[in-house]
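Comments concern the structure below.
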Amino acid sequence: MIEAKGLTKRYGPTVAVDALSFDVRPGAVTGFLGPNGSGKSTTMRMIMGLDRPDAGQARINGRRYEELRWPLREVGALLEARTYHPGRSAAAHLAALAAGGGIPRARVDAVLETVGLTAAAGRRAGGFSLGMAQRLGIAAALLGDPGVLLFDEPVNGLDPEGVRWIRELMKSLAAEGRTVLLSSHLISEMALTADHLVVIGQGRLLADTSVRELTSQGRSLEEAFFALTSGSADYRGSAAPASGYANNPERSAR
83 MIEAKGLTKR
93 YGPTVAVDAL
103 SFDVRPGAVT
113 GFLGPNGSGK
123 STTMRMIMGL
133 DRPDAGQARI
143 NGRRYEELRW
153 PLREVGALLE
163 ARTYHPGRSA
173 AAHLAALAAG
183 GGIPRARVDA
193 VLETVGLTAA
203 AGRRAGGFSL
213 GMAQRLGIAA
223 ALLGDPGVLL
233 FDEPVNGLDP
243 EGVRWIRELM
253 KSLAAEGRTV
263 LLSSHLISEM
273 ALTADHLVVI
283 GQGRLLADTS
293 VRELTSQGRS
303 LEEAFFALTS
313 GSADYRGSAA
323 PASGYANNPE
333 RSAR
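Structural data, given as structure tokens:
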């Protein structure tokens with residue numbers, strides 16, 4: 083599971099995440115919602131060890147990311163789509179990750195098939211569309227067959243068929259007993275995908291509840307979301323750095 087306890091992150095005078103605590107448990111898709119600039123991406127980066135919190139801690143299966151001996155086997159993440167060398171083929175990119183993470187080479191072919199990129203395995207990833215880049219990122223997250231998965235806006239660039247595929251994939255991963263944390267701006271899609279919700283605004287926790295409970299008074303999820311976040315929208319933009327690589331083999335082969 084994922085445990086966030088009192089996470090706080092500042093960038094200069096801006097408090098991006100403010101004493102944020104929540105748990106993400108196995109066997110369910112947990113949706114991570116909040117307005118632009120609410121601290122979702124920064125929180126996910128802290129969970130993955132890409133940003134160091136100013137206070138609090140994030141743990142995966144009871145340990146910080148940097149304490150995991152073989153990280154890709156325990157946690158996979160898609161935080162940004164184009165986090166690969168553009169001159170490498172999809173297969174070569176995944177093979178490098180597998181080598182660094184102590185993962186059998188056979189997993190490369192398996193995850194390429196899972197995400198529908200088998201026919202494009204030998205193509206240079208730099209020529210991929212955004213949707214194909216998202217699929218390659220998902221393949222990288224699944225490569226080590228981890229029990230914990232984080233996805234930040236995985237439906238970006240996907241057509242309706244791809245969005246439906248993501249929905250079914252997230253549900254199937256949770257049904258296998260995995261821990262799935264999913265961030266998305268598509269509230270209507272989250273209503274169809276998530277079992278549980280963590281909603282934040284201006285870096286603070288607004289709700290940690292089931293979709294059913296949040297919509298129990300006859301409101302749609304969209305109505306409930308806007309009611310929760312009406313006073314916390316912040317359009318200054320995220321203060322977090324724009325670049326980072328959650329599936330970096332140099333970080334993972336520790």
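Our numbering puts the sequence shown at residues 83 to 336. C-beta atoms are modelled at their ideal positions from N, C-alpha and C, and glycine is treated no differently.
Sorting Ile282, Ala201, Glu148, Gly183 by C-alpha distance to the C-alpha of Ala172 places Ala201 at the top.
Here Val197 carries a coil assignment [DSSP, helix/strand/coil]. The alpha carbon of Leu240 has as its nearest neighbour, out of His278, Gly219, Gly313, the alpha carbon of Gly219.
Non-local beta-carbon contacts of Pro186 in its own chain, meaning distances under 8 angstroms to residues more than five positions away in sequence, involve Ala180 in chain order. The segment 227-234 and the segment 255-274 touch, with three or more beta-carbon pairs separated by less than 8 angstroms. Assigned with DSSP and collapsed to three states, Ala192 falls in helix.
With 16 or more neighbouring CB atoms inside 10 Å of its own CB, Gly119 falls in the buried class.
In this structure, the alpha-carbon of Gly113 lies about 20 angstroms from that of Glu156. DSSP places His175 in the helix class (H, G or I) of the three-state scheme.
With a cutoff of 7 angstroms on beta-carbon distance, Val190 and Leu199 are scored as not near each other. Looking from the CA of Leu132, the closest CA among Asn143, Pro153, Gly116 belongs to Pro153. One Cα belongs to Ser265, the other to Gly204, and the distance between them is close to 30 angstroms.
Residue pairing by DSSP places Arg249 in no beta bridge whatsoever.
Inclusion of Ala101 and Gly116 in the CB contact set at 7 angstroms is not warranted, their separation being larger than that value. Distance from Gly209 to Gly169 at the Cβ level is roughly 10 angstroms; contact not present, criterion being Cβ atoms closer than 8 angstroms. Under the three-state reduction of DSSP, Ile142 is assigned to strand. When secondary structure is reduced to three states using DSSP, Tyr93 falls in the strand class. Ala222 and Gly158 have their C-alpha atoms some 7 angstroms from each other. For Leu279, DSSP records a beta bridge to Gly113, Thr291. Following the DSSP letters along the chain, one finds Ala159 inside the beta strand (DSSP E) bounded by residues 157-160. The DSSP-derived three-state label of Leu212 is helix.
Judged by DSSP in its simplified three-state form, Ser270 adopts helix. Pairing Ile142 with Thr291, the inter-Cα distance amounts to about 20 angstroms.
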